[in-house]
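In this note's numbering, the protein residues as written are 1174 to 1319.
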């Protein structure tokens, strides 16, 4: 089990090493690593976790992403459009058992964070805006789970 948040990597690197497109599955560029082609940060992070597990002697273990998501607000890349792109693509990949470059065709179970925005949450402004629904109960963006 692992939490994967390309959003935080994007923000914390001040957009220097990670493009918004690469973080949200919208990149036309491919990064090569160990002979494998990565078109998005999610796959790269999952495979980095797989490599780490294998290095410790745990091979063939299914990966479950227990938290991932993208905020709909709070600045610095947080928007309904970016949340729709990232979360929608994560769900499509999970439902399609696409796998990753290291494990093609081996599905990754994914749990999105969060169902509702949390206006009382402390921290940065974007921490309050990971919900698919706003605090008023209205959808922040459309997402399909089938």
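C-beta: ideal position from N, C-alpha, C; glycine also.
In this text, all values refer to a predicted model and were calculated from it rather than measured experimentally.
Excluding five sequence neighbours on each side, which residues of the same chain lie with their C-beta closer than 6 angstroms to the C-beta of residue i?
| i | result |
| --- | --- |
| residue 1286 | 1240, 1242 and 1303 |
| residue 1249 | 1184 |
Leaving out five residues before and five after residue i in sequence, what residues of the same chain have Cβ atoms less than 7 angstroms from its Cβ?
| i | result |
| --- | --- |
| residue 1138 | Residue 1138 is absent from the structure shown; the chain starts at 1174 and stops at 1319. |
Spell out the partners DSSP gives residue i in its beta bridges.
| i | result |
| --- | --- |
| residue 1312 | 1306 |
| residue 1277 | 1272 |
| residue 1240 | 1176 |
| residue 1206 | 1209 |
Just how far apart, CA to CA, sit residue i and residue j?
| i | j | result |
| --- | --- | --- |
| residue 1177 | residue 1234 | 17 angstroms |
| residue 1223 | residue 1277 | 13 angstroms |
| residue 1231 | residue 1272 | 18 angstroms |
| residue 1314 | residue 1200 | 21 angstroms |
| residue 1253 | residue 1208 | 34 angstroms |
Throw me the rounded Cβ distance for the residue i and residue j pair, which I believe falls under 8 angstroms.
| i | j | result |
| --- | --- | --- |
| residue 1181 | residue 1258 | Incorrect: roughly 16 angstroms between the Cβ atoms, too far for contact. |
Is it a yes or a no for the segment 1269–1286 touching the segment 1215–1223, going by three-plus beta-carbon pairs under 8 angstroms? Because the criterion of three Cβ pairs below 8 angstroms is met, the segment 1269–1286 and the segment 1215–1223 touch.
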